[in-house]
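Worksheet for the structure shown next.
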Amino acid sequence: GQQVMQIPQYQHVQEGEDFTTYCNSSTTLSNIQWYKQRPGGHPVFLIQLVKSGEVKKQKRLTFQFGEAKKNSSLHITATQTTDVGTYFCAGRETSGSRLTFGEGTQLTVNP
Amino acid sequence: DSGVTQTPKHLITATGQRVTLRCSPRSGDLSVYWYQQSLDQGLQFLIQYYNGEERAKGNILERFSAQQFPDLHSELNLSSLELGDSALYFCASSVEGAPADTQYFGPGTRLTVL
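These protein sequence lines are chains A and B, in that order.
Per the numbering used here, numbering through the first sequence is continuous, rising by one, with the last residue being 189.
Per the numbering used here, numbering through the second sequence is continuous, rising by one, with the last residue being 325.
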């Protein structure tokens, strides 16, 4: 079955440093979504990428979808303490199939 | 607030017992998903219902069952509970079939099995 892997599992940064998490799928994806879960909270949808090579930005967050549609990344520029949480990618193999979540990257930001 | 409600918020019970977790999806959403999240773990997909019918099954134990009712709320039944079943259980809902079929998560039910 489809597998979605995320690295790193944990990342500790100083406030102001950049952060990147990577997501790799064992199969080609129809689309990929990113979610953020704050400590003690529930996952919240951030963005969806659909096109090969797509890049989307949300303020300090940059999301990329690979050319082969098998990998994706989330990059945060100049982290802030409000960025703390676990970031999950979730891939859909074909349109309409269920999402498969990665294991998540837990980000800690030291002030 | 995602619009998805889950009850109860916390549940403490003993091994061997049976519990029922309840989820009400966002208004208009036909699909309900159940996930299990153990401490510092990822989201393990359990099961999906769409408009009352089972749509997809993940790593759901035989001791666990779920259903979606005509009013679209869903219940997850966990029986013969074991210590390892202690986890956060999330329900999510989506429109299903929409071009951007994102999932909206409820606040979760924290289950503690003693």
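Note that beta-carbon positions come from the ideal geometry of N, C-alpha and C, so glycine has one too.
Inclusion of B:Gln279 and B:Tyr300 in the CB contact set at 9 angstroms is not warranted, their separation being larger than that value. At least 9 angstroms separates the CB of A:Val187 from every CB of chain B. Neighbourhood of A:Gln136 in chain B, by CB distance below 7 angstroms: empty, with the nearest CB roughly 14 angstroms away. When 7 angstroms is used as the limit between beta carbons, A:Gln111 is near these residues of chain B: Thr313, in chain order.
Just so you know, the alpha carbons of A:Arg116 and A:Thr164 end up roughly 6 angstroms apart.
The C-beta of B:Gln252 comes closer than 9 angstroms to at least one C-beta of chain A. DSSP places B:Ala303 inside the beta strand (DSSP E), whose first and last residues are 298-305.
By alpha-carbon distance to B:Ile258, the top candidate from B:Glu286, B:Ser249, B:Leu325 is B:Glu286. Apart from sequence neighbours up to five positions away, the residues of its chain that approach A:Val162 with a beta-carbon distance below 8 angstroms are Arg116, Pro117, Leu185, Thr186, Val187, ordered along the chain. With the criterion set as a beta carbon lying under 9 angstroms from some beta carbon of chain B, the members of the region 154-169 of chain A are Thr164, Phe166, Ala168, in sequence order.
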